[in-house]
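Each remark here refers to the structure printed beneath this line.
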Amino acid sequence: MSTEDQLYVSYRAYIATQGAPPFEPGMIEELATAYKNFAHPDMDDEVFQKIIGELKEQFTVTQLFGGEITDNSHEPWWEKFKTGGNDLYYWSRLNKLLMNDPNLPSAVTNRLDTITDSIIDLAGSPIKQGLWNRRGMVIGHVQSGKTLNYSAVICKAADAGYKVIVLLAGITNSLRRQTQDRINEAFIGRRASRNSQLMSEKVGVGKIGASPIVPHAGTFLEGDFSASALQTAIGYSITGLEKPIIFVCKKNVSTLRNLLEYFNAADSENRLDLPLLLIDDEADNASINTKAEKKEITAINSGIREILRKFGRSSYLGYTATPFANIFIDPEDTADFGSDDLFPANYIRTLEAPSNYMGADKIFGENSEFYERMIVPIDDYEDILPLKHTNHHPVSELPVSLRKAVIHFILIKAMRVSRGDGAKHCTMMINVSRFNSVQTAIEGVVYELVQEIQQDLRLNANASNPTKTSVIHEFQREYFDEFVNKIVDDEYSYPSWVELKSHLFRGWSVQVQTVNMSGGVLDYEAHKVDGLTVIAIGGLALSRGLTLEGLCVTYILRNAGAYDTLMQMGRWFGYRDGYEDLCRIYTTKGLCHW
14 MSTEDQLYVS
24 YRAYIATQGA
34 PPFEPGMIEE
44 LATAYKNFAH
54 PDMDDEVFQK
64 IIGELKEQFT
74 VTQLFGGEIT
84 DNSHEPWWEK
94 FKTGGNDLYY
104 WSRLNKLLMN
114 DPNLPSAVTN
124 RLDTITDSII
134 DLAGSPIKQG
144 LWNRRGMVIG
154 HVQSGKTLNY
164 SAVICKAADA
174 GYKVIVLLAG
184 ITNSLRRQTQ
194 DRINEAFIGR
204 RASRNSQLMS
214 EKVGVGKIGA
224 SPIVPHAGTF
234 LEGDFSASAL
244 QTAIGYSITG
254 LEKPIIFVCK
264 KNVSTLRNLL
274 EYFNAADSEN
284 RLDLPLLLID
294 DEADNASINT
304 KAEKKEITAI
314 NSGIREILRK
324 FGRSSYLGYT
334 ATPFANIFID
344 PEDTADFGSD
354 DLFPANYIRT
364 LEAPSNYMGA
374 DKIFGENSEF
384 YERMIVPIDD
394 YEDILPLKHT
404 NHHPVSELPV
414 SLRKAVIHFI
424 LIKAMRVSRG
434 DGAKHCTMMI
444 NVSRFNSVQT
454 AIEGVVYELV
464 QEIQQDLRLN
474 ANASNPTKTS
484 VIHEFQREYF
494 DEFVNKIVDD
504 EYSYPSWVEL
514 KSHLFRGWSV
524 QVQTVNMSGG
534 VLDYEAHKVD
544 GLTVIAIGGL
554 ALSRGLTLEG
564 LCVTYILRNA
574 GAYDTLMQMG
584 RWFGYRDGYE
594 DLCRIYTTKG
604 LCHW
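For the sequence shown, counting from 1, position 259 maps to 272 in our numbering; every step adds exactly one.
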């Protein structure tokens, strides 16, 4: 955490002790000034004014509690457990970590606690004896914080006594790795690597407290579940483990089979007498039994059910932003498949997004406040990147609109540098084909363009007499046309052209890479200090679950035949505090209409 972030967190903590939002006009400035006078009298005024702006922004964020539907089998238990003198170790240290996060409003952290209290209560008490199962679902918004929510649920589940936690993290390697990384930060507290040196590295909650308790990691950053690697780490049986163990796995047939075999190795004849929490992220994707014939079942759906059936006490919790497939599971399937069916028969919990969430309504709604400034309709792609194309479709050039989108992305990065956010992640997404071969071809052309731009700007950006053919003239024209002159709003400020061009490729560069089923990882963690600036090119891997940190520019040309598919492609939904005015979506009028 930077010095400025530390200062901001200290101011936020002080103001939180003086009252609760909403504050009267001028009250935040008054409280911040009082704190400055006795704690930081020599603080730079520019830094102080920036902190006040961030405080005013965050203390206006609100979040509703959401709702729930339950059956009549629920037995409330968590409140009694929570107030009964039990040690909430895992949740307490995650809560401390979140309270020190300068980007997370206090209202959101507080609401997270109360919401996840209700979810873990609905999931069922792990100390309840006998044979039982619970089946539920949590519905959130695309890119609204579901990962943080189930991370908090995992911590509370471990505190309550759940011994085995399985987290199914989508169907791609990139999403599984990103999820493993976040669970390392929020729950395990270690890097969770097969490399013993890396495994000992403290991350996230592991840095809180002198002697942190480390739960067992059943999977590692390097790859999906491996029984041999795990047996080397903790032995051959999970039945004797005192601390909880968590597995972060892809929804893959062989992975689920290997995991079941590992559980069977502990006791091949009987159900395991350990409470299991199975969290199914993107629960509408691949988990549903889509067989048309009754009494038939898809392999992944069967694999999930068999794991649930292996444990005498199990709780299944699906998370999704597009729950249509889950809700339309035939509840009568229990007649053929038993009570381990994945229909959310016991409860459905909804999550409301915080007020600073940029979702479908704010961008595409009838009274959208962002549509005019964010959406850039394009129609020059058909000859180069037609919506319908075959594998190995040749790509030797880019549509003019995509070239402009790349230029706008570089300008946005420079503007974020001018706003003091140069060390934060900055991402552009290009999603124009489902074929890996086409994505790779686009990567090559975009890489060449970025290299040409970088070389040109390093020579001409700050030259007193740039060459007539230099791209700097195009950059200047696009800066005023797309940003300065397009948005007339006192809320946003833009640097002078002289200042902005001084930030172009000064201390930063742009990476270009594909992210798809063949490989490619957006390693934001490796750039935590300096920030990753990247143009990510992909299809399915960029269409569901994966968080693109600091996403500023989206260029998308895809046919979406279903509402859930369309919504999941919306990686642009999320939180854009401090740069919401800079974000752009380049797409077709047809896609905007849908």
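Glycine residues also receive a C-beta, built at the ideal position from the N, C-alpha and C atoms.
* **Alpha-carbon to alpha-carbon, residue 115 and residue 19** => 8 Å
* C-alpha gap between residue 514 and residue 427, whole angstroms -> 8 Å
* To do: Going by CA-CA distance only, name the one from 566, 31, 317, 84 that's closest to residue 358.
  => 84
* Cβ-based neighbour list, residue 196, same chain, cut-off 6 Å, excluding 5 preceding and 5 following -> 261
* Cross-strand partners of residue 332 (DSSP beta bridge) -> 151, 294
* Whole-angstrom distance between residue 481 and residue 590, CA atom to CA atom -> 37 Å
* If you draw a straight line from the alpha carbon of residue 438 to that of residue 522, how long is it in whole angstroms? -> Roughly 12 Å between the two C-alpha positions.
* **C-beta contact flag for residue 295 and residue 557 at 8 Å** => yes
* **Closest residue to residue 322 among 333, 343, 286 (Cα-Cα distance)** => 286
* Kindly give me the distance between the Cβ atoms of residue 216 and residue 204, rounded to whole angstroms, as I take these residues to be in contact under 8 Å. => About 6 Å separates the two Cβ atoms, so the contact holds.
* To do: Would you mind sorting residue 677 into buried or exposed? The rule is 16 or more other CB atoms within 10 Å of its CB.
  => Only positions 14 to 607 of the chain appear in the structure, and residue 677 is not among them; the question remains open.
* Asked: Alpha carbon to alpha carbon, how far is residue 150 from residue 607?
  -> 26 Å
* To do: With a 10 Å radius around its C-beta and 16 neighbouring C-beta atoms as the bar for buried, classify residue 299 as buried or exposed.
  => buried
* To do: Taking only heavy atoms of the ligand FAD into account, decide whether any of them is closer than 7 Å to the Cβ of residue 341.
  => Ligands are entirely absent from the displayed structure, and the ligand FAD is therefore not among its contents.
* What residues are listed by DSSP as bridge partners for residue 529? -> 532
* In terms of alpha-carbon separation, which member of 252, 214, 162 lies closest to residue 177? -> 252
* Cβ-Cβ distance between residue 126 and residue 89 below 8 Å -> no
* Measure the beta-carbon distance from residue 419 to residue 463 and round it to whole angstroms, keeping in mind my assumption that it falls under 8 Å. => By a beta-carbon distance limit of 8 Å, residue 419 contacts residue 463. Their separation comes to about 7 Å.
* **residue 173, buried or exposed, once every other Cβ within 10 Å from all chains shown has been counted against 16** => buried
* **Contact belief for residue 269 with residue 313 at Cβ below 8 Å, rounded distance in angstroms** => 7 Å
* residue 360 lies in the beta strand (DSSP E); which residues open and close that run? -> 360-363
* For residue 260, which of helix, strand or coil comes out of DSSP? -> strand
* To do: Identify every run of the alpha helix (DSSP H) within the region 29-69, keeping only runs that are complete inside it and at least 4 residues long; order them along the chain.
  => Qualifying alpha helix (DSSP H) stretches, in chain order: 40-52.
* To do: Verify whether the separation of the beta carbon atoms of residue 478 and residue 450 is less than 8 Å.
  => No, the Cβ-Cβ distance between residue 478 and residue 450 is not below 8 Å.
* Asked: Who are the Cβ neighbours of residue 74 in its own chain at under 6 Å, not counting the five residues just before and after it?
  -> 118, 120, 367, 368, 369
* Report buried or exposed for residue 21, applying the criterion of at least 16 other Cβ atoms within 10 angstroms of its Cβ. => buried
* Asked: DSSP state of residue 283, grouped into three classes?
  -> Coil at residue 283, not helix or strand.
* **Given 8 Å, three or more beta-carbon pairs between the region 398-416 and the region 534-544** => no
* **Reference residue 533; option with closest CA among 509, 186, 169, 486** => 186
* When the Cα atoms are used, what is the spatial distance from residue 448 to residue 552? -> 7 Å
* Asked: When DSSP builds the beta bridges, which residues end up paired with residue 440?
  -> 547, 564
* Asked: Exposed or buried, residue 51, counting other C-beta atoms within 10 Å across all chains shown (16 or more means buried)?
  -> exposed
* To do: Could you check how far apart the C-beta atoms of residue 259 and residue 231 are, in whole angstroms? I think they sit under 8 Å.
  => Their Cβ separation, rounded to whole angstroms, is 6 Å, which keeps residue 259 and residue 231 in contact under 8 Å.
* To do: Output the boundary residues of the alpha helix (DSSP H) element that contains residue 600.
  => Counting along the chain, residue 600 falls outside any alpha helix (DSSP H), though it belongs to the beta strand (DSSP E) covering 597-600.
* Asked: Exposed or buried, what is residue 348 when buried is set at 16 or more other beta-carbons lying within 10 Å of its beta-carbon?
  -> In this prediction, residue 348 has a pLDDT of 45, which is less than 50 and means its spatial position is unreliable; what the coordinates show is noted afterwards. Counting Cβ neighbours within 10 Å, residue 348 comes out exposed, since fewer than 16 surround it.
* **First and last residue of the uninterrupted alpha helix (DSSP H) at residue 235** => From DSSP, residue 235 is part of no alpha helix (DSSP H); its letter is neither H nor E.
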